[in-house]
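J.:
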Ligand code: THG
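Residue numbers (the working numbering): 118 to 485.
#1: Is residue 225 near the ligand GDP, in the sense that its beta carbon is under 8 Å from a heavy atom of that ligand?
#2: Report the rounded CA-to-CA distance for residue 267 versus residue 132, giving the unit in angstroms.
#3: In angstroms, rounded to a whole number, what distance separates the CA positions of residue 415 and residue 372?
#4: Within the present structure, is the beta-carbon of residue 62 separated from the nearest heavy atom of the ligand THG by less than 8 Å?
#5: Provide the residue span of the alpha helix (DSSP H) that contains residue 193, from first to last.
#6: According to DSSP, which residues form a beta bridge with residue 428?
#7: Leaving out five residues before and five after residue 198 in sequence, what residues of the same chain have Cβ atoms less than 6 Å from its Cβ?
#8: Does the structure place the segment 206-222 close enough to the segment 276-286 that three or more beta carbon pairs sit under 8 Å?
#9: Could you tell me which residues DSSP pairs with residue 128 in its beta bridges?
#10: When you compare each of 481, 147 and 175 to residue 319 by their alpha carbons, which one comes out closest?
#11: If you run the structure through DSSP and keep just helix, strand and coil, what is residue 316?
#12: Tell me whether residue 202 is buried or exposed, calling it buried when 16 or more other Cβ atoms sit within 10 Å of its Cβ.
#13: Taking 8 Å as the cut-off, is the beta-carbon of residue 221 closer than that to any non-hydrogen atom of the ligand THG?
#14: For residue 321, collect the residues of the same chain with a Cβ closer than 6 Å to its Cβ; drop the 5 residues on either side in sequence, then sort them by chain order.
#15: Tell me where the beta strand (DSSP E) around residue 168 begins and ends.
#16: Nearer than 8 Å: is that true of the beta carbon of residue 205 relative to any heavy atom of the ligand THG?
#17: Cα-Cα, which of 478, 122, 299 and 443 is closest to residue 285?
#18: Between which two residues does the beta strand (DSSP E) harbouring residue 260 extend?
#19: With a CB to CB cut of under 6 Å and the five nearest residues on each side skipped, what residues in its chain are close to residue 464?
#20: Please look up how many angstroms separate the CB atoms of residue 58 and residue 365, rounded, as I've assumed it's under 8 Å.
#21: Does the distance between the C-beta of residue 381 and the nearest non-hydrogen atom of the ligand THG fall short of 8 Å?
#22: Could you tell me which residues DSSP puts in a beta bridge with residue 306?
#23: Closest to residue 162 by C-alpha separation, out of 287, 143 and 220, would be which residue?
#24: Could you spell out where the alpha helix (DSSP H) holding residue 536 opens and where it closes?
#25: Flag this pair as yes or no: are the beta carbons of residue 425 and residue 466 separated by less than 9 Å?
#26: May I ask you to check if the CB of residue 209 is nearer than 8 Å to at least one heavy atom of the ligand THG?
#27: Return yes when at least one heavy atom of the ligand THG lies under 8 Å from the C-beta of residue 297, else no.
#28: Within the same chain, show all residues whose beta-carbon is closer than 7 Å to that of residue 241, passing over the 5 residues directly before and after it, in chain order.
#29: Check residue 270 in the structure and name its three-state DSSP category.
#30: Along the beta strand (DSSP E) that carries residue 448, what are the first and last residues, could you check?
#31: Look up residue 199 in the DSSP assignment and say whether it is helix, strand or coil.
#32: In the DSSP assignment, the alpha helix (DSSP H) including residue 254 goes from what residue to what residue?
#33: Would you mind listing the beta strand (DSSP E) stretches within the segment 326-354 that are 3+ residues and don't spill past its ends, in chain order?
#34: Please go through the same chain and pick out, in chain order, the residues whose beta-carbon is closer than 7 Å to the beta-carbon of residue 377, but skip the five residues on each side of it.
#35: Using 8 Å as the cut-off, can you tell me whether the segment 230-247 makes contact with the segment 418-435, which would need three or more C-beta pairs spanning the two stretches below that distance?
#36: If contacts are defined as beta-carbon pairs under 8 Å, then residue 134 and residue 152 qualify, I think. What distance do you get, rounded to the angstrom?
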């Protein structure tokens, strides 16, 4: 028997939980102290459907930290080495966030709602406390709150069609990581072209929990002939896409450069970022280890519930932190961190898995 998850007030429900239950969710994880579905039919069946149709995902656990006030932009820039100074009013940025040592605290999507108002759409760590701490410690003129906002994602090749049926054709012209305010039921929602898959789609930032079920129902009604189903971030597709999971693939012990997120850092021009000096220092030498993708030989690997050791010539040279069998690539796909002497494309390494030793090959790019 697998262990069960005991649900209580601490494992917060979402505005969509009753609908997710009715849709037949079979496994949950906890993310930001909130329920996050991980499986409906099976990870492999969910994967097939995500890649061929369209799904609606309860990703309410991507909680928002709202920063509002005259010094909101200043505080937002303190959080990240990505330069926010050119950010437009309809833009979302993927933003590594770091502490004063350059250690990653989170890798949220930052949404600019107004010159003096941002949402930080967080991964799984209590970033609200850090942001509040900075606001209080620096006596900034801002309010920092967790608003009643719950992202609902539409992901899959038919996402544009489904979203257009509910929000109108305007969704089709939303560019990647941009948003529009579009009406449903007489209320405007932020609808962004983004999401934790590479199948394309949108994220609706559902403001006011009472709107959750009406919107969910409208999407399922409109998408009947598209075979719309309830889904969730899918482990296999997520690894194929090379999308990192904070707390799994990188932690506070890693810099954004180790996490392979250097392309989202403009440390020199990110004046005000509290980790700027630390990152400028470590950037001079370059990282000693970095995120890489790996193809693992042999049959399907078991779930990676703790880091697996990566060896080369008898030495420990890294870890694997996410792994799954990919039906489309007929190999095990994995994400790990590998030392610099071994991180070149094609390097052969050995993995210590709970099933024994496996040969693996290092890749610089993800599969999708
Ligand atoms: N959407 C929203 N909030 C989120 C997530 C999300 N918060 C938690 C978690 N996911 C944060 N992590 C990520 C990781 C990757 C991406 C988004 C959030 C992502 N990356 C693309 C990539 O790496 O190819 C594109 C990044 C870019 O080009 O800007 O989308 O999914 N609201």
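By construction, the Cβ of each residue, glycine as well, lies at the ideal position given by its N, Cα and C atoms.
T.: Inspection of the coordinates gives the following:
#1: This structure lacks the ligand GDP; its bound ligands are the ligand THG.
#2: 7 Å
#3: 32 Å
#4: Limits of the chain in this structure are 118 at one end and 485 at the other, which puts residue 62 out of reach.
#5: The continuous alpha helix (DSSP H) containing residue 193 extends over residues 189-196.
#6: Note: residue 428 is bridge-paired with 433 and 467 in the DSSP secondary-structure output.
#7: 382, 384, 387, 390 and 396
#8: No contact exists between the segment 276-286 and the segment 206-222.
#9: Under DSSP, residue 128 takes part in no beta bridge, so it has no partner.
#10: 175
#11: coil
#12: exposed
#13: Short note on residue 221: C-beta not closer than 8 Å to any heavy atom of the ligand THG.
#14: 269, 306 and 308
#15: Taken as a continuous stretch (DSSP letters only), residue 168 belongs to no beta strand (DSSP E), being part of the alpha helix (DSSP H) at 160-169.
#16: For the ligand THG, not one heavy atom lies less than 8 Å from the Cβ of residue 205.
#17: 299
#18: 260-262
#19: 479
#20: Outside the shown range of the chain (118 to 485) lies residue 58, about which nothing can therefore be said.
#21: If you check the C-beta of residue 381 against the ligand THG, you find a heavy atom less than 8 Å away.
#22: 299
#23: 143
#24: Nothing in the structure corresponds to residue 536, since the chain is present only between 118 and 485.
#25: Not a contact, by the Cβ cut-off of 9 Å.
#26: Indeed, a heavy atom of the ligand THG lies less than 8 Å from the Cβ.
#27: Not so, every heavy atom of the ligand THG lies at least 8 Å from the Cβ.
#28: 148, 149, 363 and 364
#29: The three-state secondary structure of residue 270, taken from DSSP, is strand.
#30: 448-456
#31: Three-state result, residue 199: coil.
#32: For residue 254, the enclosing alpha helix (DSSP H) has its first and last residue at 244-254.
#33: 346-348
#34: 407 and 408.
#35: no
#36: About 6 Å; that satisfies the 8 Å criterion.
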